[in-house]
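Note sheet for the following structure.
There are 2 protein chains.
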Amino acid sequence: MPFSTDGYRWTPEEGLKTGVPTDAVIVPQSLNIDADTVYDAIVVGAGYAGLRATRDLSLQGHKVLILEGRDRIGGRTCSVKADGYVYEAGGTWVHRNQALVWSEIVRYGFENRLKDSQEFYEGSRCPTAIRNDAVHEVPWTDQTSATGFAKFCNIDGQMGNSVFGLHQPADWLRHEDFIKWDSMSCQDRLDQIKEDLSAEEIEGIIHLLLALSKGPLTRPSYGEVLRWVALSGGNLASMGEHTARWKLADGQTALALAMFDDALKTGNLAYSFSSNVSSVTTEGHITTVTTTAGQSFKTSSVVVAAPLNCLADIQFSPALDQTKAEAIAQGHTNHAYKVCVEAKGKQWRNWMGNAYPHKGVPFLNGDGINPSGNSYLISTPGNYIDPQNEMDKLLEGLQYLHPELEVLRIFGMDYHSHPLSKGGWAVHGPGYVTKYLESLQAPAGNVYFASADWADVWRGFIDGALESGAKAAWSAHKQLRNASS
Amino acid sequence: MPFSTDGYRWTPEEGLKTGVPTDAVIVPQSLNIDADTVYDAIVVGAGYAGLRATRDLSLQGHKVLILEGRDRIGGRTCSVKADGYVYEAGGTWVHRNQALVWSEIVRYGFENRLKDSQEFYEGSRCPTAIRNDAVHEVPWTDQTSATGFAKFCNIDGQMGNSVFGLHQPADWLRHEDFIKWDSMSCQDRLDQIKEDLSAEEIEGIIHLLLALSKGPLTRPSYGEVLRWVALSGGNLASMGEHTARWKLADGQTALALAMFDDALKTGNLAYSFSSNVSSVTTEGHITTVTTTAGQSFKTSSVVVAAPLNCLADIQFSPALDQTKAEAIAQGHTNHAYKVCVEAKGKQWRNWMGNAYPHKGVPFLNGDGINPSGNSYLISTPGNYIDPQNEMDKLLEGLQYLHPELEVLRIFGMDYHSHPLSKGGWAVHGPGYVTKYLESLQAPAGNVYFASADWADVWRGFIDGALESGAKAAWSAHKQLRNASS
Chain A
1 MPFSTDGYRW TPEEGLKTGV PTDAVIVPQS LNIDADTVYD AIVVGAGYAG
51 LRATRDLSLQ GHKVLILEGR DRIGGRTCSV KADGYVYEAG GTWVHRNQAL
101 VWSEIVRYGF ENRLKDSQEF YEGSRCPTAI RNDAVHEVPW TDQTSATGFA
151 KFCNIDGQMG NSVFGLHQPA DWLRHEDFIK WDSMSCQDRL DQIKEDLSAE
201 EIEGIIHLLL ALSKGPLTRP SYGEVLRWVA LSGGNLASMG EHTARWKLAD
251 GQTALALAMF DDALKTGNLA YSFSSNVSSV TTEGHITTVT TTAGQSFKTS
301 SVVVAAPLNC LADIQFSPAL DQTKAEAIAQ GHTNHAYKVC VEAKGKQWRN
351 WMGNAYPHKG VPFLNGDGIN PSGNSYLIST PGNYIDPQNE MDKLLEGLQY
401 LHPELEVLRI FGMDYHSHPL SKGGWAVHGP GYVTKYLESL QAPAGNVYFA
451 SADWADVWRG FIDGALESGA KAAWSAHKQL RNASS
Chain B
1 MPFSTDGYRW TPEEGLKTGV PTDAVIVPQS LNIDADTVYD AIVVGAGYAG
51 LRATRDLSLQ GHKVLILEGR DRIGGRTCSV KADGYVYEAG GTWVHRNQAL
101 VWSEIVRYGF ENRLKDSQEF YEGSRCPTAI RNDAVHEVPW TDQTSATGFA
151 KFCNIDGQMG NSVFGLHQPA DWLRHEDFIK WDSMSCQDRL DQIKEDLSAE
201 EIEGIIHLLL ALSKGPLTRP SYGEVLRWVA LSGGNLASMG EHTARWKLAD
251 GQTALALAMF DDALKTGNLA YSFSSNVSSV TTEGHITTVT TTAGQSFKTS
301 SVVVAAPLNC LADIQFSPAL DQTKAEAIAQ GHTNHAYKVC VEAKGKQWRN
351 WMGNAYPHKG VPFLNGDGIN PSGNSYLIST PGNYIDPQNE MDKLLEGLQY
401 LHPELEVLRI FGMDYHSHPL SKGGWAVHGP GYVTKYLESL QAPAGNVYFA
451 SADWADVWRG FIDGALESGA KAAWSAHKQL RNASS
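Sequence lines, in order, name chains A and B. Residues 1 to 485 in the UniProt record's numbering are what the first sequence spells out, letter by letter. Residues 1 to 485 in the UniProt record's numbering are what the second sequence spells out, letter by letter.
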């Protein structure tokens, strides 16, 4: 099993070490790269958006070069494998109503290789809503979370469906109600309805929104949260079903590798990992893409499949238009880390703990049992804590959730503090997508932009990355085809 | 605009004529066919299953030959175009929760080119449930349809979701509850609960099931109807949203053509339309596919993408295994035709008429307004009437629905009576999928089978055709790749 230099692992015996074991590391790190070739397309980034663009373009017969700053594929997804067990140190869940990712799952034959994060264990089922097993200052129940969240979402009597029930994504952005909802923060919405909420319902809403967005409720757009809810079926239970239940038994990295291998086997793919792009310079029909190490490559088209919060680190020439530059400067607001915990014993499988952010670790969810008979639990702390640099604080936070929790091992990825992600899944601030989404999606000449962070439908999800990658690839393909005909 | 010899058109002035204007006709009818070439894959059938297999395989660099019996692509979908307006003379609706078709829509840039079959018109909205505007012996309202249908579906307190909420399609087939539900006909289920239903609710259920299945309630499997409902969100309104609301503004043929053109532009595609396959004979590693006209072609793999009810017309050597042969002999039970009606005036846009099957035309739904300001309505009569051969009966049936309906034009496709479909979308009988689905999906050596009729998830839908085609292509691709490595 190769080791990525990304992320970290921790055990009581060995303490903190850099890197995790994962199949996502590509060996050798570069293949067929040539500074004299004019590639048909250079894809910057090998997360799902970049992999989809790469796969589609190389299958179309175009010569593609991937440049990826990390030593691995997958971007904000990464399956750690240890003792034959998968720890998802990044994006995890899929659903058949997420069209783009489900299509890849079907294409590569994973549709009967799923695991249920909420499966039965010794007869008891983990509810999709928050449970009251942890240390709280104010207790609440599943039911109050659900009723409170329903009130929070039901601004139009249809849980947002008066907008998101319309099938054309372009209709959402233009809809006067969405523009209004998007202009509000989640705090604005909470303030609007708090008289109708019990103290427990308010606690429930705050915790759910923290889990979704990783920061104070003033940060996330209310319209964006409504979009998630509406796409997920309009209630808390269906949201759990759509966004936190079904995972790949073989791990996200297996799916990402299937796409990478598919591209590789065309013979049209060159790649260089651990190659971070610093500039994209277009002169006439040729674009030069240069890495921080000073290597330069030429191409007829570029797909920039880097996270929103990293685009400012790439110098574009000609400069990007002002709206796009503003959008990039502002970025998104999700400062998530991902932490995978192995805790002694099976008893944590269906346990869910929650604590307020000032306690360090806002939540911890049981997600499986590993072959050693220990529980696998996950957490996504926001930037209240930086696990890799504050391991003591992380361990203290975990212990605070339940004093009997015996942590045997931790794997983690530092998405927020990592220079190649600078954040978790995109959570946009009030007014952001209304103002910037179309601009982020627009190409700049022969430079196309692909990321879950500005996808149309499942924005912020693996599905959105694939959607955006598919569109960028098709646009680049049409340009290349037209140029050659 | 080319004319297909498929289907028919009718006007009061010119009467009945064979053929319809559609872009689905491929000109020239054959390209690059060569009896001496050993193709990598021959795809039998150019409906969506065949097109997906063709697209994927040709993009993978395999030499593909399509043999299609009709003069057009699309199979049981076909967009008729007249005076700039699209009449969908076949499968029509899509939804973003239908993963495979939504992915194609996104890939080819149609996601903001949708039309709403239930859109507002002069302030009134066509409800998703049956309306009471037509000639009925027993009246009912939307609400009774919805309540009756809810009782009909709610066998497990979760609208079937105790089975279909499980994400792995393989889990459905093995689930003891599904086996029980699939063993029942819809009539069995109705008999089970009829004491709890009002007469109006029973009428509503019968009409809905007739619209879904085109025949007496003894024919369709109850488990199969439950699958539709559960996938569609578990109630009548969401079922209308998922299966009868969103259509492509450019027509299904535009999407099918995008896939066909994508394959064609690889340079790997040969095709012969109006070439009906009569036999598939494998000897060693080579399969010979022969048409009814006596042309033979050689290949390393075959994707048979023909409808279930037509498989008996292809002679396979070696013979298919007994279970598959039994499944083919039994076939599916949906005897649908598709009729598109232009009626004078806008007033029928949101109108829905229903009559019992013995009146000839069980329903007629307004679906749009054409550029001449007339209403576009659709119907899918079952085999109570054969429109092309019984035009008087069809016109009489339409008139019976509403005496003021002035029919200006009809376009139709005779899916039930056509030798290359022999039915509409698949509606399987009691016990059928439990017994035969896995066998229908299994390859026979290097011969793969692809059709919506035996898809896993959206069986009977365009999405299912694409799912099945994707899987067959991937299987054939792996075989071809392994053979060449």
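All C-beta atoms, glycine included, are put in the ideal place defined by N, C-alpha and C.
Next item on the list: Could you name the residues of the region 168–185 of chain A whose beta carbon sits closer than 9 Å to any beta carbon of chain B, in the order they occur along the chain?
Entry: Q168, P169, A170, D171
Next item on the list: Would you kindly check if the distance between the Cβ of Y48 (chain A) and the Cβ of residue 487 (chain A) is under 7 Å?
Entry: In this structure chain A extends from 1 to 485, so residue 487 (chain A) is not present and cannot be described.
Next item on the list: Spell out the partners DSSP gives G15 (chain B) in its beta bridges.
Entry: B:T11
Next item on the list: With a threshold of 16 other CB atoms inside 10 Å of the CB of H335 (chain A), please say whether the residue is buried or exposed.
Entry: buried
Item checked: Reduced DSSP secondary structure (H/G/I, E/B, other) of I206 (chain A) -> helix
Check: If we cut at 7 Å on Cβ distances, does L59 (chain A) have a partner in chain B?
Finding: yes
Check: When the distance is taken between beta carbons, is R349 (chain A) closer than 7 Å to S379 (chain A)?
Finding: no
Checklist line | Opening and closing residue of the beta strand (DSSP E) in which E384 (chain B) lies | finding: Going by the sequence as given, residue 384 (chain B) is Tyr instead of Glu. Premise fails: Y384 (chain B) is in no beta strand (DSSP E) and is neither H nor E.
Checklist line | Validate contact between the region 167–182 of chain A and the region 108–122 of chain A using beta carbons, cut 8 Å, 3 pairs | finding: no
Notebook entry, point to check: In terms of residues, what are the limits of the beta strand (DSSP E) holding L231 (chain A)?
Noted result: It is not in any beta strand (DSSP E) - L231 (chain A) instead sits in the alpha helix (DSSP H) that spans 222–231.
Note to self: When you compare the CB of A129 (chain A) with every CB in chain B, is at least one pair closer than 7 Å?
What the structure shows: Because the pLDDT of A129 (chain A) is 35, which lies under 50, any placement of that residue in the model is unreliable, and the number read from its coordinates should be weighed accordingly. Closer than 7 Å: no.
Check: Should G157 (chain B) be labelled buried (16 or more other beta-carbon atoms within 10 Å of its own) or exposed?
Finding: exposed
Notebook entry, point to check: Which residue from A:Y432, A:S484, A:Y271, A:Y436 puts its Cα closest to that of G50 (chain A)?
Noted result: A:Y271
Notebook entry, point to check: Closest to T333 (chain B) by CA distance: which of B:G251, B:K346, B:V94, B:S213 is it?
Noted result: B:S213
Note to self: I want to see whether chain B comes within less than 7 Å of S301 (chain A), judged by CB atoms only; does it?
What the structure shows: no
Next item on the list: Label G373 (chain B) either buried or exposed according to how many other C-beta atoms from any shown protein chain fall within 10 Å of its C-beta, with 16 as the threshold for buried.
Entry: exposed
Notebook entry, point to check: Thinking just about the alpha-carbon of each residue, which of B:V25, B:P419, B:T323, B:F110 is nearest to the one in D250 (chain B)?
Noted result: B:F110
Next item on the list: For S103 (chain B), decide whether its Cβ has a neighbour in chain A, counting only Cβ atoms nearer than 7 Å.
Entry: yes
Checklist line | Cβ pair count under 8 Å reaching 3, the region 409–419 of chain B against the region 157–175 of chain B | finding: no
Checklist line | L166 (chain B) beta carbon near the ligand ZN (any heavy atom closer than 6 Å) | finding: In terms of ligand content, the structure shown is empty, and the ligand ZN therefore cannot be addressed.
Checklist line | DSSP-derived helix/strand/coil call for P169 (chain B) | finding: helix
Next item on the list: Pull up the CB-CB distance for T299 (chain B) and V38 (chain B), whole angstroms please, since I reckon it's below 8 Å.
Entry: 6 Å
Next item on the list: Check whether the Cβ of V277 (chain B) lies closer than 7 Å to any Cβ atom in chain A.
Entry: no
Notebook entry, point to check: Quick one, which residues of the region 90–101 of chain A are near chain B if we go by CB-CB under 9 Å, in chain order?
Noted result: V94, H95, R96, N97, Q98, A99, L100, V101
Notebook entry, point to check: Touch check for the region 65–76 of chain A and the region 296–316 of chain A: three-plus C-beta pairs under 8 Å?
Noted result: yes
Margin query: Out of B:L209, B:V341, B:L264, B:G424, which one is the CA nearest neighbour of L308 (chain B)?
Written below: B:G424
Note to self: Is there a Cβ of chain B sitting closer than 7 Å to that of A470 (chain A), yes or no?
What the structure shows: yes
Checklist line | Contact residues within the region 226–252 of chain B, judged by C-beta distance below 8 Å to chain A | finding: G233, E241, R245, W246
Next item on the list: Report all residues from its chain with a CB closer than 6 Å to the CB of L364 (chain A); omit the five preceding and five following residues, and keep chain order.
Entry: G353, L377, S379, L401
Notebook entry, point to check: Taking the alpha-carbon positions, what's the S232 (chain A) to L209 (chain A) distance?
Noted result: 15 Å
Check: From M239 (chain A) to A230 (chain A), what distance separates their C-alpha atoms?
Finding: 9 Å
Next item on the list: Decide yes or no for the touch test of the region 94–113 of chain B against the region 452–469 of chain B: beta carbon pairs closer than 8 Å, at least 3 of them.
Entry: yes
Next item on the list: Please classify M184 (chain A): is it buried, with 16 or more other beta-carbons within 10 angstroms of its beta-carbon, or exposed?
Entry: buried
Margin query: For a test of the three-state rule: what should DSSP assign to C78 (chain A), helix, strand or coil?
Written below: coil
Margin query: At 3 residues or longer, what runs of the beta strand (DSSP E) sit wholly inside the region 235–282 of chain A?
Written below: 246–248, 269–272
Check: Among B:V44, B:W246, B:G7, which residue has its Cα nearest to the Cα of G368 (chain B)?
Finding: B:W246
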